[in-house]
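Inspection log for the structure reproduced underneath, given as structure tokens.
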């Protein structure tokens with residue numbers, strides 16, 4: 014029997030069969046980077062790396078795919094305030110310069126306009142053309158500037174207007190008025206010349222209307238706008 018002798022230390026233990034010895038890193042080499050799972054524990058992939066088909070199939074529906082802080086969404090309350098403020102400003106600008114709603118509180122424009130009708134008036138009409146007969150306008154009352162009236166223009170500056178036995182005459186010619194309330198009207202008005210820059214207005218309900226027969230022609234500067242649409246009630250919706 015042979016005897017094993019030591020030459021300066023214990024003999025190394027024999028390696029177990031079937032188990033390879035782990036390779037130790039060589040001097041001067043960089044150890045491998047930790048796996049993506051270790052660097053990014055809350056996601057299946059990391060920035061700059063492509064997921065494998067198996068990882069894609071195993072991804073849950075709700076997964077954070079990028080590590081790091083998540084930015085908070087904008088405040089919904091602040092957004093609502095901005096939207097409401099913008100809508101209010103736009104509405105004010107539209108009403109001040111373009112379109113204004115108006116509610117009828119009179120019966121002087123029957124049957125064209127009924128009490129309670131809500132209409133829209135165009136504030137820009139006369140920036141692009143001159144007033145003309147037939148226009149329905151809203152204007153400041155010459156008798157009370159705090160009150161707005163709605164009437165129909167029947168004559169403009171330079172015209173001669175008169176009424177005889179209920180018939181309207183402009184420049185000596187009778188005017189056919191299909192829009193009048195179907196009631197007999199026997200009023201009279203001596204011939205009047207409308208000054209330049211003014212209009213002569215009458216209500217369609219001639220027997221129950223305070224108009225230019227009472228306060229004379231009105232200045233064009235007093236006109237707020239022309240009525241162009243009934244928007245309420247729905248059953249009376251339509252253009253004027």
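In our numbering, the protein residues as written are 14 to 253. Note that CB positions come from ideal geometry on N, CA and C, so glycine has one too.
A direct Cα-to-Cα measurement between residue 195 and residue 126 gives close to 14 Å.
If you ignore the 5 residues before and after residue 117, its C-beta comes within less than 8 Å of the C-beta of 126, 127, 128, 129, 130, 131, 132, 163, all in its own chain and listed in chain order. Taking one beta carbon from each stretch, the stretch 195-213 and the stretch 165-176 have 3 or more pairs nearer than 8 Å; the two touch. Boundaries of the beta strand (DSSP E) around residue 181: 180-183. Ranked by Cα distance from residue 198, the first of 180, 189, 204 is 180. Note on geometry: alpha-carbon atoms of residue 223 and residue 158 lie some 15 Å from one another. Under DSSP, residue 94 forms no beta bridge with any residue. Less than 7 Å separates the beta-carbon of residue 149 from that of residue 253.
In this structure, residue 144 keeps its C-beta atom at 7 Å or more from the C-beta atom of residue 228. Judged by beta-carbon spacing, residue 204 lies within the 7 Å limit of residue 173, meaning their Cβ atoms are closer than that value.
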